[in-house]
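Colleague:
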Amino acid sequence: MARDHMQAAIVLAGVTKKFGAFTAVNHVSLTIPQGEIFGLLGPNGAGKSTTLSMLATLSNPTHGNAEVWGFDTTTQKDEVRKNIGMVFQDYSLDDELTGFENMDFHGRLFGMTAEERGKRIHELLNLVDLGEKANNQVKTYSGGMKRRLEIARALLHVPKVLFLDEPTIGLDPQTRRKLWDYIAQINKSQGITIILTTHYMDEADALCSRIGIMDKGEIIALDSPQKLKAKLGGDIISLAINPSFHAPATAALSEEKFVREVKPFDHHLNVVVENGAYAIPKIMELAQKNKWHVDSVSVKEPTLEDVFIHFTGKSLREEEGDEKGRMRNMARMMGRR
Ligand SMILES: Nc1ncnc2c1ncn2[C@@H]1O[C@H](COP(=O)(O)OP(=O)(O)O)[C@@H](O)[C@H]1O
Ligand SMILES: [Mg+2]
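Here the sequence shown is numbered in the numbering used here, starting from 6 and rising by one per residue.
Structural data, given as structure tokens:
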């Protein structure tokens, strides 16, 4: 039986996942209300996919427990599965089959009658603008069309909650934006709660009513994108400056009244100030006086990237290009075959 707190779509309580001695997800607690588009934002290896796989009943937490739509993900797997749709990070369509056939196969797995399948499949293919391609082999589809088909397929059995693991990974910017429209539209028109993971901050910003920023298995910040950015406040002055000057410059700038925060990362110092126009000449004066070599200066309003830097001291993009992370992922994918 579902419990009574039905207003929550997802509840995670102290969820931890270990692989041997390695902790991939570390004591995550989180409640996601019905109807939300919630985003888990974080770099490769943060533990996003592992979290989704536990919610989707594909693996059990080492500690803690999780509920989806009031059902426990370890003791009520069947009930959870009936209520969720999942789009995996890795491609999972049969290229030789048509769009319709890929959907139909999935419907059979869920025990839908031929009549139910026929009606619902056409509805959903139209929803993602693939109605006219229904009878074409999937190998003729573009990357964006394939992703839309995967999303339509995940909606076939009328789930309450839809999980999207990196829905736009590897797609070009224009196709990514179009896919955001579909995702937002599905949330609105079907009233479906959507949990997505992404390492794209613009995606989290554009789509999600709330996001959890995840790093090293932990949720390090949780709020709406607007509030997360507002917490940093003011303007950010980014100084391209040799790392050998980071320590003295951080110390000197932190002394200044107009400086709220100084965050060194990579070859930059991010200086959070009330008013960029006022602060830049002051900062340049200090740089000249102390002979810090500043290569360039830019001012911007905070982005989620800055929020990430604020909480972790490193950049999301830095992690994105992390060679070790890519090798790990490749090794895992090979191991899966
Ligand atoms: N089956 C597994 N065995 C061992 N380590 C794993 C396994 N699955 C994931 N990991 C590790 O757990 C960490 C989190 O992985 P993952 O959840 O895929 O991160 P993300 O989706 O945020 O990129 C990574 O360091 C990854 O290598
Ligand atoms: Mg992942």
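Backbone N, C-alpha and C fix where the C-beta goes; we use that ideal spot for every residue, glycine too.
Model, not experiment: these values are computed from the prediction.
1. State the Cα-Cα distance for the pair E266 and I285, rounded to the nearest angstrom.
2. If you drop the 5 nearest sequence neighbours on each side, which residues of the same chain put their C-beta closer than 8 Å to that of T103?
3. Could you say which of G196, I37, K234, I224 lies nearest to D207 if we only look at CA atoms?
4. If I'm right that R184 touches R158 with Cβ under 8 Å, what's the distance once you round it to whole angstroms?
5. Would T36 and A51 qualify as a contact pair, given that the criterion is a beta-carbon distance under 8 Å?
6. Among residues of its own chain, excluding the 5 on either side of I156, which ones have a beta-carbon nearer than 6 Å to its beta-carbon?
7. Can E293 be considered in contact with ligand 2, in the sense that its beta carbon sits closer than 7 Å to one or more heavy atoms?
8. Measuring only from the beta carbon, is K53 closer than 7 Å to any heavy atom that is part of ligand 1?
9. Helix, strand or coil, according to DSSP, for P248 in the structure here?
10. So, for G19: in the same chain, excluding its five sequence neighbours on each side, which residues have a beta-carbon less than 6 Å away from its beta-carbon?
11. Buried or exposed: which applies to Q81, given that a residue is buried once 16 or more other Cβ atoms fall within 10 Å of its Cβ?
12. Using the C-alpha atoms, what's the distance from L258 back to Y96?
13. To the nearest angstrom, how far is it from the Cα of N107 to the Cα of K124?
14. Taking only heavy atoms of ligand 3 into account, decide whether any of them is closer than 7 Å to the Cβ of A29.
15. Suppose you measure from the CA of V16 to the CA of V73; what does that come to, to the nearest Å?
16. Using a Cβ-Cβ cut-off of 6 Å (strictly less than) and excluding sequence neighbours within five positions of G148, which residues of its own chain qualify?
17. Below 8 Å CB to CB, which residues in the same chain sit around L227 once its five sequence neighbours on both sides are set aside?
18. Count the other CB atoms within 10 Å of the CB of E290; is the residue buried (16 or more) or exposed (fewer)?
19. Mapping the DSSP letters down to three states, classify I197 as helix, strand or coil.
20. Can you tell me where the alpha helix (DSSP H) holding T55 begins and where it ends?
21. From G116 to R122, what does the alpha carbon distance come to, in whole angstroms?
22. Report back the beta-carbon spacing between D170 and S54 to the nearest angstrom; my notes put them in contact at under 8 Å.
23. Do T21 and ligand 1 come close, with the Cβ less than 7 Å from some heavy atom?
24. Smallest Cα separation from I317: which of D100, T21, P269?
Modeller: In short:
1. One-based indexing of the sequence shown puts residue 266 at position 261. One-based indexing of the sequence shown puts residue 285 at position 280. Taking the straight line joining both Cα atoms gives about 14 Å.
2. Taking the sequence shown and counting its residues from 1, one reaches residue 103 at position 98. Excluding positions up to five away in sequence, the list reads A139, N140, N141, Q142, V143.
3. Numbered from its first residue, the sequence shown carries residue 207 at position 202. That would be K234, whose Cα lies nearest to the Cα of D207.
4. Indexing the sequence shown from 1 puts residue 184 at position 179. Indexing the sequence shown from 1 puts residue 158 at position 153. Looking at the sequence itself, residue 184 is Leu, so the reference to Arg does not match. 15 Å between Cβ atoms; not a contact.
5. Counting from one through the sequence shown, the residue named residue 36 turns up at place 31. Counting from one through the sequence shown, the residue named residue 51 turns up at place 46. Result no, Cβ atoms of T36 and A51 do not sit closer than 8 Å.
6. Residue 156 sits at position 151 when you count from the first residue of the sequence shown. Excluding residues within five positions, the ones whose Cβ falls inside 6 Å are V92.
7. Along the sequence shown, read from residue 1 onward, the residue named residue 293 stands at position 288. What sits at residue 293 in the sequence shown is Gln, not Glu. For ligand 2, not one heavy atom lies less than 7 Å from the Cβ of Q293.
8. The residue given as residue 53 occupies position 48 in the sequence shown. A heavy atom of ligand 1 is found nearer than 7 Å to the CB of K53.
9. Stepping through the sequence shown from its first residue, residue 248 is reached at position 243. Looking at P248 - three-state DSSP - the assignment turns out to be helix.
10. Position 14 of the sequence shown holds residue 19. Closer than 6 Å at Cβ, skipping near neighbours: H32, S34, G69.
11. Numbered from its first residue, the sequence shown carries residue 81 at position 76. Flag for Q81 reads buried.
12. Position 91 of the sequence shown, counted from the start, is the residue given in the question as residue 96. Position 253 of the sequence shown, counted from the start, is the residue given in the question as residue 258. If I take the Cα positions, the gap works out to 48 Å.
13. Taking the sequence shown and counting its residues from 1, one reaches residue 107 at position 102. Taking the sequence shown and counting its residues from 1, one reaches residue 124 at position 119. The alpha-carbon atoms of N107 and K124 are separated by roughly 15 Å.
14. Among the ligands modelled here, namely ligand 1 and ligand 2, ligand 3 does not occur.
15. Sequence index remark: in the sequence shown, residue 16 carries index 11 (1-based). Sequence index remark: in the sequence shown, residue 73 carries index 68 (1-based). In this structure, the alpha-carbon of V16 lies about 7 Å from that of V73.
16. Position 143 of the sequence shown holds residue 148. Counting only Cβ-Cβ distances below 6 Å, and skipping sequence neighbours, we find L176.
17. In the sequence shown, counting from the first residue as 1, residue 227 sits at position 222. For L227, where only same-chain residues beyond five positions count, the Cβ hits under 8 Å are L35, R215, I216, G217, I218.
18. The count along the sequence shown starts at 1 and reaches residue 290 at position 285. Looking at its Cβ environment, which holds fewer than 16 other Cβ atoms inside 10 Å, E290 is exposed.
19. Within the sequence shown, numbered from 1, the residue matching residue 197 stands at position 192. Coil.
20. As a first step, residue 55 is located in the sequence shown; it is residue number 50 there, counting from the start. T55 -> alpha helix (DSSP H) spans 53 to 60.
21. Here residue 116 corresponds to residue number 111 of the sequence shown, with the count starting at 1. Here residue 122 corresponds to residue number 117 of the sequence shown, with the count starting at 1. Each residue's alpha carbon lies about 9 Å from the other.
22. What you label residue 170 is simply residue 165 of the sequence shown in a count that begins at 1. What you label residue 54 is simply residue 49 of the sequence shown in a count that begins at 1. Correct: roughly 6 Å between the Cβ atoms.
23. In the sequence shown, the residue the question calls residue 21 occupies position 16. In this structure, the C-beta of T21 stays at least 7 Å away from each heavy atom of ligand 1.
24. The residue labelled residue 317 in the question sits at position 312 within the sequence shown. Contrary to the premise, residue 317 reads as Thr rather than Ile in this sequence. Nearest C-alpha to T317: P269.
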